[in-house]
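*Asks:* One structure, as structure tokens, below. Some questions next.
2 protein chains.
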Amino acid sequence: MQDHLSQTFAALADPTRRAVLAQLSKGEANVSDLARPFLKTMSLVAVTKHIKVLESAGLITKSRQAQWRPCNINGEALRDAADWMEQYRVFFEESFDRLDAYLKTVKSKPKAKGEKNGRKK
Amino acid sequence: MQDHLSQTFAALADPTRRAVLAQLSKGEANVSDLARPFLKTMSLVAVTKHIKVLESAGLITKSRQAQWRPCNINGEALRDAADWMEQYRVFFEESFDRLDAYLKTVKSKPKAKGEKNGRKK
DNA sequence: TTTATATTTAACCTGTAGGTTAATTAACCT
DNA sequence: AGGTTAATTAACCTACAGGTTAAATATAAA
Chain R
0 MQDHLSQTFA
10 ALADPTRRAV
20 LAQLSKGEAN
30 VSDLARPFLK
40 TMSLVAVTKH
50 IKVLESAGLI
60 TKSRQAQWRP
70 CNINGEALRD
80 AADWMEQYRV
90 FFEESFDRLD
100 AYLKTVKSKP
110 KAKGEKNGRK
120 K
Chain A
0 MQDHLSQTFA
10 ALADPTRRAV
20 LAQLSKGEAN
30 VSDLARPFLK
40 TMSLVAVTKH
50 IKVLESAGLI
60 TKSRQAQWRP
70 CNINGEALRD
80 AADWMEQYRV
90 FFEESFDRLD
100 AYLKTVKSKP
110 KAKGEKNGRK
120 K
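Just so you know, the sequences run in chain order R and A. Be aware that the first sequence starts at 0, since it is given in numbering that gives the first Met the number 0, and climbs by one per residue. Be aware that the second sequence starts at 0, since it is given in numbering that gives the first Met the number 0, and climbs by one per residue.
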């Protein structure tokens, strides 16, 4: 695939993959743990592929422990997508005090050179 | 496509479509206006299709004015995606005061029945 | 009524996403 | 060594995404 952001959004554009992320947000899990909820509707291999898509997008990491492959969520990749969305917040945010609160946090973290948003590193 | 959220993310998973959204965030534009920046790399028909994808996902609206089709951005669809992401903010947000500010706004808008997040309607 | 401009529709092509089953690899357990 | 469990690889299939060119439609303008 082309750019990182497209890859991230594409990875999120599947309910199975979002469910895997949801599961991982509660903590580390093996491939077979992650697959379990879906085995009525698809094969283990299918889930393995979904996991690979998430891994390629950087949304999760996979390590090795004997014959298991413990997976963990990796928020970094999501941040770029979230940052992209902030740009459009004004178009979907009708609660102005919440928007104000957000803007204050932005102002308190002024842009450094070559950085988007007020985020560090 | 399956669910609304998948459709939204899929629509965002293309740089041309994100560029169209960026253009529309500066104001209304016709199909040919939107297509102009891309005509060196793809046909008008291709852009038309991208616009249709955005429209189907609810990210933009299209009206009629003589032979023109003025398009406008529609933030509502983006909000669901943004809401979904908020769920994971804790995984990519390292600035705790900014997170605090966000959490305060959530607390100030307690959940109503059948609603996700603190958002109204 | 003809012509020009804006956009869509139709028919097509190619690559890839998402699924399958069967076979393979890797590590552990007797 | 042989068997079990965990996960991946390979080969394949089908649908659809994203592009093309050519033709059709709508509206305005001469």
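Here a beta-carbon is modelled for each residue, glycine too, at the ideal position from N, C-alpha and C.
1. Under three-state DSSP, which class holds A111 of chain R?
2. Listing by chain order, which chain R residues have their CB less than 7 Å from the CB of G74 of chain A?
3. Could you tell me which chain A residues have their CB closer than 8 Å to the CB of F37 of chain R, listed as they occur along the chain?
4. Are the beta-carbon atoms of N71 of chain A and G57 of chain A separated by less than 8 Å?
5. At a CB-CB cut-off below 9 Å, which residues of chain A make contact with P14 of chain R?
6. Once DSSP output is grouped into helix, strand and coil, what is the label at A28 of chain R?
7. Just checking: is the beta-carbon of R78 of chain A within a distance shorter than 8 Å of some beta-carbon in chain R?
8. Could you round the C-beta distance between D2 of chain A and P36 of chain R to whole angstroms and report it? I think they count as a contact, below 8 Å.
9. Taking only three categories from DSSP, how would you classify Q22 of chain R?
10. Report the three-state DSSP secondary structure of K48 of chain A (helix, strand or coil).
11. Could you give the distance in angstroms between the alpha-carbon of F91 of chain A and the alpha-carbon of A65 of chain A?
12. Check the Cβ of L11 of chain R against every Cβ in chain A and list those closer than 7 Å, keeping chain order.
13. Return the residue from the list R:V52, R:T40 and R:S24 that minimises the CA-CA distance to Y87 of chain A.
14. What residue range does the beta strand (DSSP E) around T60 of chain R cover?
15. By the criterion of Cβ-Cβ separation under 8 Å, what are the contact partners of S24 of chain R in chain A?
16. What's the call for A111 of chain R, buried or exposed, on a 16-neighbour Cβ count within 10 Å?
17. So A81 of chain R and A9 of chain A are in contact, right, with Cβ under 8 Å, and what is the actual spacing, rounded?
18. Within 10 Å of its beta-carbon, does T7 of chain A have 16 or more other beta-carbons around it, so buried, or fewer, so exposed?
19. Kindly give me the distance between the Cβ atoms of I50 of chain R and V89 of chain R, rounded to whole angstroms, as I take these residues to be in contact under 8 Å.
20. Closest by CA to L53 of chain A, which one among A:S42, A:N29 and A:A76?
21. Report the CB separation of R63 of chain A from V30 of chain A in whole angstroms; it is logged as a contact under 8 Å.
22. Quick check: is the beta carbon of A81 of chain A nearer than 8 Å to any beta carbon in chain R?
*Replies:* According to the structure shown:
1. Along the first sequence, one-based indexing puts residue 111 of chain R at 112. The predicted model places A111 of chain R with a pLDDT of 45, which falls under 50 and marks its position as unreliable; any figure quoted below should be read in that light. In the structure shown, A111 of chain R sits in coil (DSSP, three-state: anything other than H, G, I, E or B).
2. Taking the second sequence and counting its residues from 1, the one referred to as residue 74 of chain A is at position 75. Ordered by position in chain R, the residues that pass the 7 Å Cβ test against G74 of chain A are Y87, F90 and F91.
3. Translated into positions along the first sequence, residue 37 of chain R becomes position 38. Those do not exist, as F37 of chain R stays about 14 Å from chain A at its closest Cβ, beyond 8 Å.
4. Locating residue 71 of chain A in the second sequence gives position 72, where the first residue counts as 1. Locating residue 57 of chain A in the second sequence gives position 58, where the first residue counts as 1. No; because the gap between Cβ atoms is not below 8 Å, this pair is not in contact.
5. Within the first sequence, residue 14 of chain R is the residue found at index 15, counting from 1. Correct list: Q1, D2, L4 and S5.
6. One-based indexing of the first sequence puts residue 28 of chain R at position 29. Correct three-state label for A28 of chain R: strand.
7. What you label residue 78 of chain A is simply residue 79 of the second sequence in a count that begins at 1. Yes, R78 of chain A lies at the interface with chain R (some Cβ there is under 8 Å from its Cβ).
8. Working through the second sequence from its first residue, we reach residue 2 of chain A at position 3. Working through the first sequence from its first residue, we reach residue 36 of chain R at position 37. Rounded, the Cβ-Cβ distance is 17 Å, inconsistent with contact.
9. Residue mapping note: residue 22 of chain R aligns to position 23 of the first sequence, counting from 1. Helix at Q22 of chain R.
10. As a working note, residue 48 of chain A is residue 49 in the second sequence. In the displayed model, K48 of chain A falls within a helix according to three-state DSSP.
11. In the second sequence, the residue the question calls residue 91 of chain A occupies position 92. In the second sequence, the residue the question calls residue 65 of chain A occupies position 66. F91 of chain A and A65 of chain A: Cα-Cα distance of roughly 47 Å.
12. By one-based count along the first sequence, residue 11 of chain R stands at place 12. Those within 7 Å of L11 of chain R in chain A are F8.
13. Mapped onto the second sequence, residue 87 of chain A falls at position 88. It is R:S24 whose Cα lies nearest to the Cα of Y87 of chain A.
14. In the first sequence, counting from the first residue as 1, residue 60 of chain R sits at position 61. Per DSSP, T60 of chain R belongs to the beta strand (DSSP E) from I59 to K61.
15. Mapped onto the first sequence, residue 24 of chain R falls at position 25. Going along chain A in sequence order, the residues near S24 of chain R (Cβ under 8 Å) are Q86, Y87 and F90.
16. Residue mapping note: residue 111 of chain R aligns to position 112 of the first sequence, counting from 1. Caution is warranted here: a pLDDT of 45 is assigned to A111 of chain R, below 50, making its placement in the model unreliable, and no coordinate value can be reported.
17. Taking the first residue of the first sequence as 1, we reach residue 81 of chain R at position 82. Taking the first residue of the second sequence as 1, we reach residue 9 of chain A at position 10. Not a contact, Cβ separation roughly 18 Å.
18. Within the second sequence, numbered from 1, the residue matching residue 7 of chain A stands at position 8. Buried.
19. Position 51 of the first sequence holds residue 50 of chain R. Position 90 of the first sequence holds residue 89 of chain R. About 36 Å; that fails the 8 Å criterion.
20. Here residue 53 of chain A corresponds to residue number 54 of the second sequence, with the count starting at 1. Nearest C-alpha to L53 of chain A: A:A76.
21. For the purposes of this step, residue 63 of chain A is taken as residue 64 along the second sequence, with counting starting at 1. For the purposes of this step, residue 30 of chain A is taken as residue 31 along the second sequence, with counting starting at 1. Their Cβ separation, rounded to whole angstroms, is 11 Å, which puts R63 of chain A and V30 of chain A out of contact at 8 Å.
22. Along the second sequence, one-based indexing puts residue 81 of chain A at 82. Chain R contact via Cβ: present.
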